[in-house]
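Residue numbers (numbering that gives the first Met the number 0), protein chains in the order written: chain G, 0 to 125; chain C, 0 to 307. We put the CB at the ideal spot given by N, CA and C, even for glycine. It should be emphasised that the depicted structure is a prediction, and the values quoted were computed from it without experimental measurement.
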Amino acid sequence: MSLVQTLQFQAFAAAGVALLVGLSFALGFRARARIEDLQYLAPTTPLVETVLDADGRAGVGLTADGRLLLAKVMGADIAVRTTPLSAVSRIAIKGEDVVLHLADLGFPKVRLRASPPPLWLGRLAK
Amino acid sequence: MSDPLRTLDAPGWAQFDPVTLAVPLFVGLIIAEMIYVKATGKGRYETQDAGASLMMGFGNTIAKILFGALAVGAFALVSQHRLFDIPWAWWSLILCFFAEDLAYYWFHRISHERRWFWASHVVHHSSQHYNLTTALRQTWTGQVSLTFVFWLPLVWIGFPPLMVALFMGISLVYQFWIHTEAITRLGPLEWVLNTPSHHRVHHATNPRYLDANYAGVLIIWDRLFGTFVAEDSQEPPRYGIITNLGAFNPVRIAFHEWVGLWRDLHQAKNLKEVLGYTLGPPGWSPDGARLTTAQIKAEALRGEQSVR
C-alpha cells in the first residue's frame, strides 16, 4: 500500500469511527448505571464504613481489614476495585467534593460528592 | 536472497489484505447490530464504551503501520532458513489454514496464560460489553511485544510468508462477527466452528468460564486440548476482566497493564520474581497476595462443592 493509499485508508477508518460513535449516541445508547449499595457490589467483603456519591456515580467503602473498596460508574456498568490504602496516592476533599487519586493507570480516580464528606474519609486524607 | 518474503511466486489473487478489504463490512455490520439492539433490546451498546473500542481499533491500524516492519522482517529472516519450499497449491492452502489456526490457538492461549502477552491482549477483553465494536478493541502493542513469534514456525517449515499472513488476516476477519449477543446458537456448526456462543464464554469472567475457548476459526483445538467450555443458558456471561477498568481513555486502556507490569518489576527482589511477574500467569505475585485465574476458578469450584 502506498503512502497515499495508507492515508486514504486511515481517513476512511477515522470517518467510520466518527459515524459509528455518532450513530450510537443518536440511537440513545447512553444508559447510566447508579450505585445505591456498595455491599451489593462486593458481597464477600465486609464493609465497616461507606460513602456514596449524591448522584450515585461513585462510592467508597472501608473494609474490616483496612482496605478501600472503590466503585465508579462506567457508562451503563460499574467498575470496582478493592485496594490497600497504599495504592491511593492522594485524597483531596474540598467542600462536598472528594477525589481519590490512584496509582493504577486503569483506575485513575474516583470522584464523588457527599454532604458532608464523612469524618473517616477525612482522617484517611490526612 | 532477493525475494525473502517469496512474493514473486504468490498468485495475484492472494496479494491483498483481508482486513483492509473488510473494513466497510465491519462498519456496515456494526450499524446493523446497533439498529437490531435498539429494535429488539437483545444485546447491549453504550456510546462511551463503543467509542473506546473503535478508537482502540483505529489505533491498532496505526500501530501496525509504525511497527509492522518487525513482523515482516522476522518472517523474511526465518523464511531464508526454511526447511521446505512449500508452493502455492490447493493442498498447501488447506494445510496452511489448519496450521495457522493451530498457531492462533496457542498464541491466544499463551496470551491469557503469560503476563507479557496478556499485557497486550487484555485490551481486547477490557470492555464490559460484548458487541461487534468489542471485536475491534485491539491492542496497540502486539507488534512490539513480539506476538508474531507464534506464526514463525509456519514460515520456518516452509509456508510462504504471504500465505501465512493471508490466513492470519482471514482468521481476524472471521472472528469479527462472533462478537455478538444477537446470535444464540448455530446447531451442528457449534461442533466445529468458533461461534458467537463459544466466544461469549471466552469473554466471560464467571469463574467457570475463565480460561476457555481460545479458538480462532475452528473450536476443534479447544476440544482437543481440553479448554472447551460450552455456554450454559442458566449462567449468562458477565463480560470484561477480573478487575474492570475505570477509564474509557484509549491510552489508559492500551498501556495500563504494561505500567502495572513495569511497577511490579521495579519492586522485584530477584530474577525469580522478574520471571514470575513477566512470564508467570496474570495475577502471579511472590507472596501469593493476588489471585491467578486458575486460583479463582479453583476457589469458586471449592465454594460450589461446599454448598452441595
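Alpha-carbon to alpha-carbon, residue j and residue i
i: residue 22/G; j: residue 29/G; result: 12 Å
i: residue 59/C; j: residue 139/C; result: 5 Å
i: residue 90/G; j: residue 24/C; result: 47 Å
i: residue 201/C; j: residue 208/C; result: 7 Å
i: residue 82/C; j: residue 30/C; result: 46 Å
i: residue 289/C; j: residue 90/C; result: 48 Å
i: residue 32/G; j: residue 78/G; result: 10 Å
i: residue 45/C; j: residue 1/C; result: 51 Å
i: residue 189/C; j: residue 134/C; result: 20 Å
i: residue 279/C; j: residue 38/C; result: 45 Å
i: residue 10/C; j: residue 54/C; result: 34 Å
Assigned secondary structure, residue i (DSSP; H/G/I helix, E/B strand, else coil)
i: residue 100/G; result: strand
i: residue 216/C; result: coil
i: residue 48/G; result: strand
i: residue 268/C; result: coil
i: residue 112/G; result: strand
i: residue 56/C; result: helix
i: residue 58/G; result: strand
i: residue 0/G; result: coil
i: residue 263/C; result: helix
i: residue 228/C; result: coil
i: residue 196/C; result: helix
i: residue 76/G; result: strand
i: residue 146/C; result: helix
Cut-off 8 Å between Cβ atoms - residues of its own chain near residue i, not counting five sequence neighbours on either side
i: residue 111/C; result: 117, 120, 210, 213, 281 and 292
i: residue 283/C; result: 114, 275, 276, 289 and 291
Proximal residues to residue i (C-beta, below 7 Å), its chain only, five neighbours per side dropped
i: residue 141/C; result: 119
i: residue 119/G; result: 48 and 61
i: residue 147/C; result: 70 and 73
i: residue 206/C; result: 295, 296 and 299
i: residue 178/C; result: 129, 130, 131, 133, 134 and 198
Chain G residues whose Cβ lies nearer than 8 Å to that of residue i
i: residue 199/C; result: Correct list: empty, because the minimum Cβ distance to chain G is about 16 Å.
i: residue 79/C; result: Correct list: empty, because the minimum Cβ distance to chain G is about 24 Å.
i: residue 251/C; result: 104, 105 and 107
Status (buried if at least 16 other CB within 10 Å, exposed otherwise) for residue i
i: residue 199/C; result: buried
i: residue 72/G; result: buried
i: residue 196/C; result: buried
i: residue 243/C; result: buried
i: residue 269/C; result: exposed
i: residue 150/C; result: buried
i: residue 164/C; result: buried
i: residue 153/C; result: buried
i: residue 221/C; result: buried
Cut-off 6 Å between Cβ atoms - residues of its own chain near residue i, not counting five sequence neighbours on either side
i: residue 251/C; result: none
Proximal chain C residues relative to residue i, where beta-carbon distance stays under 9 Å
i: residue 15/G; result: 22, 23, 25, 26, 29, 53 and 57
i: residue 49/G; result: Residues of chain C passing the Cβ test: none, with the nearest at roughly 18 Å.
Proximal chain C residues relative to residue i, where beta-carbon distance stays under 7 Å
i: residue 60/G; result: Going along chain C, no residue has its Cβ under 7 Å from residue 60/G, so there is no contact; the nearest lies around 15 Å.
i: residue 94/G; result: Per Cβ cutoff of 7 Å: no residues; residue 94/G is ~23 Å from chain C at best.
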